[in-house]
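**Student:**
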Amino acid sequence: MKQPEQVASPFLKIMNPDKRLRSEIQKALALLFAQAVDNFQLQPTNQEFEGSHTLVCFPLTKLSRKNPEETARLIGEHLVQQSGIVARYNVVKGFLNLVLNDAVWLEMLRDMYAKGELEELPSLGKEIMVEYSSPNTNKPLHLGHLRNNFLGWSVSEILRANGYNVHRVQIINDRGIHICKSMAAWTLYGDNETPRSSGMKGDHLVGKYYVEFDKAYKAQVSALIEKGLPKEEAEKQAPIMQLASEMLRKWEQKDPETIELWKTMNGWVYEGFEETYKKMGVGFDKLYYESETYLLGKEEVEKGVAQGVFFRKEDGSVWVDLTPDGLDQKVLLRSDGTSVYMTQDIGTAILRFRDFPNIAGQIYTVGNEQEYHFKVLFLILRKLGYTWAEQCYHLSYGMVDLPTGKMKSREGTVVDADDLMLEMIAEAEKQTRELGKLEDMSGAEATKLFAMIGLGALKFFLLKVDPKKRMLFDPNESIQLQGFTGPFIQYTHARIKAILRKAESQGISAASKDLGMNMTLEPSEREVLSVLSVFENRIREAAREYSPAVIANYAYELAKEYNQFYQNVPIFSETDPDKLKFRIVLSHAVADVIRRAMHLLGIDVPERM
RNA sequence: GGUCCGAUAGCUCAACUGGAUAGAGCAUCAGCCUUCUAAGCUGACGGUUCGGGGUUCGAGUCCCUGUCGGAUCACCA
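In short: position in the first sequence from 1, add 420, done, that's our numbering.
(1) Using the three-state DSSP reduction, which class does Met549 fall into: helix, strand or coil?
(2) Using a Cβ-Cβ cutoff of less than 8 Å, which residues in the same chain neighbour Glu977 once the five nearest sequence positions on both sides are dropped?
(3) Take Leu949 and list the residues in its own chain whose beta-carbon comes closer than 6 Å to its own, dropping the five residues that flank it on each side.
(4) Do the segment 868 to 880 and the segment 720 to 731 make contact, defined as three or more Cβ pairs closer than 8 Å?
(5) By Cβ distance, which residues of its chain are closer than 6 Å to Leu518, with the 5 residues on each side in sequence left out?
(6) Check whether the segment 924 to 944 and the segment 981 to 997 are in contact - that is, three or more C-beta pairs closer than 8 Å.
(7) Mapping DSSP to helix, strand and coil, what is Leu1006?
(8) Tell me the rounded alpha-carbon separation between Gly619 and Asp745.
(9) Pick out whichever of Gln900, Ile597, Ala1011, Pro997 has its Cα sitting closest to the Cα of Arg915.
(10) Identify whether Gly825 lies in helix, strand or coil by the three-state DSSP scheme.
(11) Quick check on DSSP: helix, strand or coil for Lys868?
(12) Less than 8 Å between the CB atoms is what I'm expecting for Leu563 and Met841, so what's the real figure, rounded?
(13) Only counting runs of 4 or more residues, tell me where the alpha helix (DSSP H) segments fall wholly within the segment 474 to 549, in order along the chain.
(14) Which partner residues of Lys857 appear in the DSSP bridge assignment?
(15) Going residue by residue through the segment 751 to 831, where are the continuous beta strand (DSSP E) segments of at least 3 residues, counting only ones entirely within it?
(16) Enumerate, from N- to C-terminal direction, the unbroken beta strand (DSSP E) stretches of 3 or more residues contained entirely within the segment 704 to 749.
(17) By the 10 Å Cβ neighbour count, where 16 or more other Cβ atoms means buried, how is Lys621 classified, buried or exposed?
(18) Assign Asp748 to buried or exposed, taking buried as 16 or more other Cβ atoms, counted over all protein chains shown, within 10 Å of its Cβ.
(19) Using 8 Å as the Cβ pair cut-off and three pairs as the minimum, do the segment 813 to 824 and the segment 842 to 858 touch?
(20) Which residue comes first and which comes last in the beta strand (DSSP E) that contains Val457?
(21) Looking only at DSSP bridge pairs, what is Thr988 linked to?
(22) In angstroms, rounded to a whole number, what distance separates the CA positions of Lys651 and Val641?
(23) I'd like the span of the alpha helix (DSSP H) that includes Val919, first residue to last.
(24) Who are the Cβ neighbours of Thr852 in its own chain at under 8 Å, not counting the five residues just before and after it?
(25) What are the residues that DSSP puts in a beta bridge with Met891?
(26) Please say whether Leu753 and Lys803 have beta carbons closer to each other than 9 Å?
(27) What do you reckon, are the CB atoms on Ser813 and Gly781 nearer than 9 Å?
(28) According to the Cβ coordinates, are Met532 and Ser932 closer than 9 Å?
(29) Alpha carbon to alpha carbon, how far is Phe908 from Gln902? Give it in angstroms, no decimals.
(30) Over what stretch of residues does the alpha helix (DSSP H) that includes His562 continue unbroken?
(31) Helix or strand or just coil, what does DSSP make of Asn556?
(32) What residue from Ile770, Pro676, Glu655, Ala664 has the CA that sits closest to Glu712's CA?
(33) Check each candidate in Tyr974, Arg964, Leu941 and name the one with the smallest Cα separation from Leu1030.
(34) If you measure between the beta carbons of Glu551 and Arg588, is that distance less than 9 Å?
(35) What distance in whole Å lies between the Cβ atoms of Phe460 and Leu475, which are believed to be in contact at a cut-off of 8 Å?
(36) Answer yes or no: do Gly1022 and Trp573 have a C-beta to C-beta separation smaller than 9 Å?
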């Protein structure tokens, strides 16, 4: 699957002047050059020149048989005379900069809110599945998961905004040697410690024993090596590893005691995760567990062997040969018959398409270190005859690096998700207090605000970067609440809300119905309207690229543009009632679009801050 | 070694998919609060877009080549 389908009708009924202008230009070109042209380049005008739209005239010189400047002037003149929407133009080299009539912008604003609210899109009537998070159950979530979760959540919202019915899912890797390691260490050293008895979050407690396992294991291995065993042998014979392996075998044989322990410890982890997800503000419509899908995976592999798609080696292991496709051979079942990572992913994919037969695609939000894995997975599914494999897409994102380099659990450089969120919220509180913003705020409102700001900063920081790219997480910078940040945008929203409250108290309505159409706009007002007009385009672009960064950049651009207007143009001291009214309506629209854009990122905006 | 991804201001990132003098934030310096919220606004400083070729009216963007990073190529997940 390459790109999600585009919606015919827009998410928001914004009368983008682009459309009108395009058709006027088309008409002009047809008349001037006696030829239909529909692939001309219309782009936003550079800040330094007057105008909102620029027609690139170089490619048109072939038709006009004139130089670029001459061509631009010809078209510009025609548009001013004939179109009724172009007020004036200027020509720089081969670029035709167009200034639209203010009425065009005013109509756009009026029509946006013709029904009181921005109109949401009608459903596409299509379903799509987005997988994200998908943790192992042996340790708590970390910074990498945060990027993953925020990304998955936001992409889901963006697809929803484009008309899809979205199913959010994850696959929980609840089974395997990793959880058995924690179980082994807990059995040996746990002394019946529980989340309740220790006061620790369940996922952190289980993670603690995973670390304990590693410590004990290393000690045992080096002791054995000192006794003269070769390294490989020592690693196999370490008693704690033997215990973990035995537990895995017993688990597969459904040994009641082992299953019981497994359930208990996974239960602790789920409780911990639940709390973390809640704080993060993400959720899922359906959960898949590896323990429930790997058997189906095994069946499918056996089927593949029967069909001759896979082959079995003498030692009993099952393989797929992908060398004709330019890849390697890949193991699908171990010689002892147990499944590997790929096996369960095959099962999971098939199960999902059985559960949701109508989905138009499945999106896997997984780090880019697994690109090869997914290439192989989709290829295998195709070989098994599942045509929907074409609709599977790996939403691959870059790793989050620390200033010190890569996160490594063994070196203790992992940034814990819970800790980080708490730090961000604490920082938000500290800075809010320093600014003295809490005077007439209730305790409950303040608490809510700190979380909103702290998480807003964190989410925005992780989402503003193109997902495909690796990014650096600098704790000092991420904690910034000024500049290109979530709180900057939240602040702009709160600021506008204060204006709207004042307007309301003065009896000025933000409804757009009786907006005056005859006034001259300030340059900064035109700029704001121009940014508003592209919201819908950006929502589409974000879906096409699976990139919340598009929305993050847009929200910032809008907030910045509004702040310039805010600084330059007084509102309540305006004596012309039409202009005063217009500025209130404009402010309302900006606040509304900011709120919606931030919502697509999973970020809330406050009424006051 | 094969495959894939990346390299843009001191740092972190943009650049509407081939368009104008490559833009923001942070950092540094200088201004703006008796006014609708200064978490803001306005300036200044900062660039051989990794090097070298090519394609064309026009290249950070496309092609070739070199350098340097990273990922991946497990009977780990």
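Built from N, CA and C at the ideal position, the CB exists for glycine as well.
Quick caveat: nothing in here was measured; it's all calculated off a predicted structure.
**Tutor:** Based on what the coordinates show:
(1) strand
(2) Val951
(3) Trp525
(4) no
(5) Gly471, His473, Val506, Tyr509
(6) yes
(7) Per DSSP, reduced to three states, the secondary structure at Leu1006 is helical.
(8) The C-alpha of Gly619 lies about 53 Å from the C-alpha of Asp745.
(9) Here the closest residue by C-alpha is Ala1011.
(10) strand
(11) helix
(12) Not quite, the Cβ-Cβ distance comes to about 10 Å (not below 8 Å), so this is no contact.
(13) 481 to 484, 488 to 502, 522 to 532
(14) Beta-bridge pairing links Lys857 to no other residue.
(15) 779 to 787, 812 to 817
(16) Fully contained in the segment 704 to 749 are the following beta strand (DSSP E) runs of length 3 or more, in chain order: 706 to 709, 738 to 741.
(17) buried
(18) exposed
(19) no
(20) Element bounds for Val457: n/a, residue is neither H nor E.
(21) Per the sequence shown, residue 988 should be read as Asn rather than Thr. Partner(s): none; Asn988 has no beta bridge.
(22) In this structure, the alpha-carbon of Lys651 lies about 8 Å from that of Val641.
(23) According to the sequence displayed, residue 919 carries Ile and not Val. Taken as a continuous stretch (DSSP letters only), the alpha helix (DSSP H) holding Ile919 covers 906 to 925.
(24) These residues qualify, in order along the chain: Leu858, Ala866, Leu869, Phe870, Ile873, Met1029.
(25) Val820
(26) no
(27) Before going on, a small fix: residue 813 reads as Tyr here, not Ser. Cβ atoms of Tyr813 and Gly781: closer than 9 Å.
(28) yes
(29) 6 Å
(30) Run containing His562: none; DSSP gives neither H nor E here.
(31) Assigned with DSSP and collapsed to three states, Asn556 falls in strand.
(32) Ile770
(33) Residue numbering for the chain in the displayed model covers 421 to 1029; residue 1030 lies beyond these limits and cannot be assessed.
(34) yes
(35) 6 Å
(36) yes
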